[in-house]
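The structure under discussion appears below in the form of structure tokens.
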Amino acid sequence: MSKKNQVITELFNRSKKSGNYIFNNETVKEISKRIGVGNPFDVTKLDNTDKFPEILIKNDFYIIHLGNGKHKFINGIKNGFHNFEQIENKNIFEWKYRQSILNEYDTSESNILSVGFNQRIIHDFLYDDIVASPKMYGSRRTKTSLNYKIANEVINSTNIQMEIDLTTEYNGIVTVFEGKNNFPNNFAVYQLYFPFLYFYNLKKQKELNISEINCCYLLRKKQNSKSIIRVYQYTFRNPFDMASIELTKNAQYILVKR
49 MSKKNQVITE LFNRSKKSGN YIFNNETVKE ISKRIGVGNP FDVTKLDNTD KFPEILIKND
109 FYIIHLGNGK HKFINGIKNG FHNFEQIENK NIFEWKYRQS ILNEYDTSES NILSVGFNQR
169 IIHDFLYDDI VASPKMYGSR RTKTSLNYKI ANEVINSTNI QMEIDLTTEY NGIVTVFEGK
229 NNFPNNFAVY QLYFPFLYFY NLKKQKELNI SEINCCYLLR KKQNSKSIIR VYQYTFRNPF
289 DMASIELTKN AQYILVKR
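Just so it is clear: in the sequence shown, position 167 is 215 by the working numbering, and no numbers are missing.
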């Protein structure tokens, strides 16, 4: 068991014993220091279930962030993590392009999304128009307070730090992006939901003239010297329920050098 999972296991056992499933960063740091985890702030970040500690899988719990250094174990992994849907053959395309010297230079999330944007894959996928001219806004972090639910669990978060990898706007349509290397089986829904709800609240409060908000998850993996990009577009049937995530469309692009 990894040191990170040892920390999570002890946190969960403490919570289960006390009946209080909310814990804070001070407790995380205290346990991390004793076990020898170098970065305690990474402990509560679980992007997918591939490396989940066994105790969470067995008890069907995951972690949600509440803000102000607080977190909570929530029951029902299926409501907090979403499996990537299969992409049908009709939505798999070869994408001819002229490679930039920077395309494969680094594999950061921002670079993955930049490749998708610069090669007009995002334009084709979102707008069916490679000459569309959406505005693009780079990675940023912000703090906000969000009130929502996850199925039957009501969540009130305060000053929660939210990271948006990329945002595009075109004709009033705002799309928030998350980018990752490789092809994991699933993802933490909050990665898309927090930015979605943030912009939805701005729209509702009439602070921004937004006509539509949607979310995209973009994955890239190198296979046999080729880059494969998968894009998934999601929305939420109920804007105030994180568990209401719904796929709108998906596609795969196999990048072929000209």
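For every residue, glycine included, the Cβ atom is placed at its ideal position computed from N, Cα and C.
Review point. Looking at the structure shown, is residue 98 part of a helix, part of a strand, or coil, going by DSSP?
Key: In the three-state scheme derived from DSSP, where H, G and I count as helix and E and B as strand, residue 98 is classed as helix.
Review point. Among residues of its own chain, excluding the 5 on either side of residue 144, which ones have a beta-carbon nearer than 7 Å to its beta-carbon?
Key: Excluding sequence neighbours, residue 144 sits near 304, 306.
Review point. Taking three-plus beta-carbon pairs below 8 Å as touching, is the segment 291-298 in contact with the segment 263-283?
Key: Segments in contact, yes.
**Study point:** Segment limits, alpha helix (DSSP H) that includes residue 280
**Key:** Element bounds for residue 280: not the alpha helix (DSSP H) but the beta strand (DSSP E), 274-284.
Practice item. Tell me, to the nearest whole angstrom, how far the beta carbon of residue 205 is from that of residue 124; I am working on the premise that it is less than 8 Å. Key: Contact between residue 205 and residue 124 fails: their C-beta atoms lie close to 18 Å from each other, not under 8 Å.
Review point. Does the beta-carbon distance from residue 274 to residue 229 come in below 8 Å?
Key: No. Outside cutoff.
**Study point:** Burial state of residue 223, where buried means 16 or more other Cβ atoms lie within 10 Å
**Key:** Answer is buried; the Cβ neighbour count reaches 16.
Exercise for review: Would you kindly check if the distance between the Cβ of residue 119 and the Cβ of residue 237 is under 8 Å?
Suggested key: Going by beta carbons, residue 237 and residue 119 fall outside the 8 Å limit.
Check your understanding: Which residue's Cα is closest to the Cα of residue 70: 121, 92, 76, 54?
Key -> The shortest CA-to-CA distance from residue 70 to any of 121, 92, 76, 54 is the one to 121.
Exercise for review: Enumerate in chain order the residues of its own chain whose CB-to-CB distance from residue 185 is below 6 Å, with the five nearest sequence positions on each side excluded.
Suggested key: Apart from sequence neighbours up to five positions away, the residues of its chain that approach residue 185 with a beta-carbon distance below 6 Å are 215, ordered along the chain.
Exercise for review: Using alpha carbons as the reference points, say which of 147, 133, 271 lies closest to residue 233.
Suggested key: Out of 147, 133, 271, 133 has the C-alpha closest to the C-alpha of residue 233.
**Study point:** Length-filtered (4 minimum) alpha helix (DSSP H) runs lying within the segment 120-195
**Key:** Runs of the alpha helix (DSSP H) inside the segment 120-195: 125-128, 157-166, 169-175.
Review point. If you count every other CB in all the chains shown that lies within 10 Å of the CB of residue 278, and 16 or more means buried, which is it?
Key: That one is buried.
**Study point:** Distance between residue 239 and residue 263 (C-alpha atoms, nearest Å)
**Key:** Going by C-alpha positions, residue 263 is about 10 Å away from residue 239.
Check your understanding: What separation, rounded to the nearest whole angstrom, lies between the Cα atoms of residue 57 and residue 104?
Key -> Residue 57 and residue 104: Cα-Cα distance of roughly 8 Å.
Point to revise | Own chain, CB closer than 6 Å to residue 231, minus 5 neighbours either side, in chain order | key: So the list reads 267, 269, once near-sequence residues are dropped.
Exercise for review: Measure the Cβ-Cβ separation of residue 208 and residue 128 and say whether it is below 8 Å.
Suggested key: Between residue 208 and residue 128, the CB-CB gap reaches or exceeds 8 Å.
**Study point:** Length at least 4, wholly inside the segment 64-111: the alpha helix (DSSP H) runs in chain order
**Key:** Runs found: 73-83, 102-107.
**Study point:** Cβ neighbours of residue 276 in the same chain (closer than 6 Å, five flanking residues each side left out)
**Key:** Excluding sequence neighbours, residue 276 sits near 269, 302.
**Study point:** Of the residues 286, 265, 290, 221, the one placed nearest residue 256, counting alpha carbons only
**Key:** The residue among 286, 265, 290, 221 with its C-alpha nearest the C-alpha of residue 256 is 221.
Practice item. Provide the residue(s) that pair with residue 115 in DSSP beta bridges, ordered along the chain. Key: DSSP, once it has assigned bridges, lists 118 as partnering residue 115.
Point to revise | Proximal residues to residue 243 (C-beta, below 8 Å), its chain only, five neighbours per side dropped | key: Correct list, in chain order: 210, 212, 215, 224, 263.
Check your understanding: Hey, out of 76, 110, 289, 135, whose CA is closest to residue 196's CA?
Key -> Ranked by how close their Cα comes to the Cα of residue 196, the residues 76, 110, 289, 135 have 289 in first place.
Point to revise | Residue span of the beta strand (DSSP E) that contains residue 300, given as start and end | key: In this chain, the beta strand (DSSP E) harbouring residue 300 covers 293-305.
Exercise for review: Within 10 angstroms of the Cβ of residue 298, are there 16 or more other Cβ atoms? Answer buried if so, exposed if not.
Suggested key: By the C-beta density criterion, residue 298 is buried, having at least 16 other C-beta atoms within 10 angstroms.
Exercise for review: Could you pull out every residue in the same chain whose Cβ sits closer than 8 Å to the Cβ of residue 219, ignoring the five residues on either side in sequence?
Suggested key: The answer, listed in chain order, is 259.
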